[in-house]
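Asker:
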Amino acid sequence: MRLIDEVYTRCPFYGSRRIAAQLTRERGDPWNRKRIQRLMRIMGIRGVAPGPDTSKPHPENKIYPYLLRGLLIDKVNQVWSTDITYSAPNLWRCYG
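One rule links them: number in my numbering = place in the sequence shown (from 1) + 774.
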């Protein structure tokens, strides 16, 4: 566990595969990735990985104009709105 902690302290973005490869290179004897993974779980450490960047739109997506800009809404039923919520059975996703 001490060796895993040393590698993780130097490179916190390493996961179990890279830590196993690093220990194999440094120590000379082979290290099992699943054992490293189990010990990392016991130690409560995880490799730091970047999440998906969902803020960038695809360059081919069309940008639609905002048609209500500058419009004074002062009457009932002057502007309507709708929302499409995706819901499919047998999926673990829930949109609401």
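Here a beta-carbon is modelled for each residue, glycine too, at the ideal position from N, C-alpha and C. Remember, it's a predicted structure, so these values are computed and weren't measured experimentally.
Between the C-alpha atoms of I858 and R820, what's the straight-line distance to the nearest angstrom?
Answerer: Straight-line spacing of the CA atoms in I858 and R820 works out to 37 Å.
Asker: What first and last residue would you give for the alpha helix (DSSP H) that runs through V796?
Answerer: Per the sequence shown, the amino acid found at residue 796 is Gln instead of Val. Note, Q796: alpha helix (DSSP H), 790-801.
Asker: Assign Y840 to buried or exposed, taking buried as 16 or more other Cβ atoms, counted over all protein chains shown, within 10 Å of its Cβ.
Answerer: By the 10 Å Cβ count, Y840 comes out exposed.
Asker: Below 8 Å CB to CB, which residues in the same chain sit around F787 once its five sequence neighbours on both sides are set aside?
Answerer: G821, V822, A823
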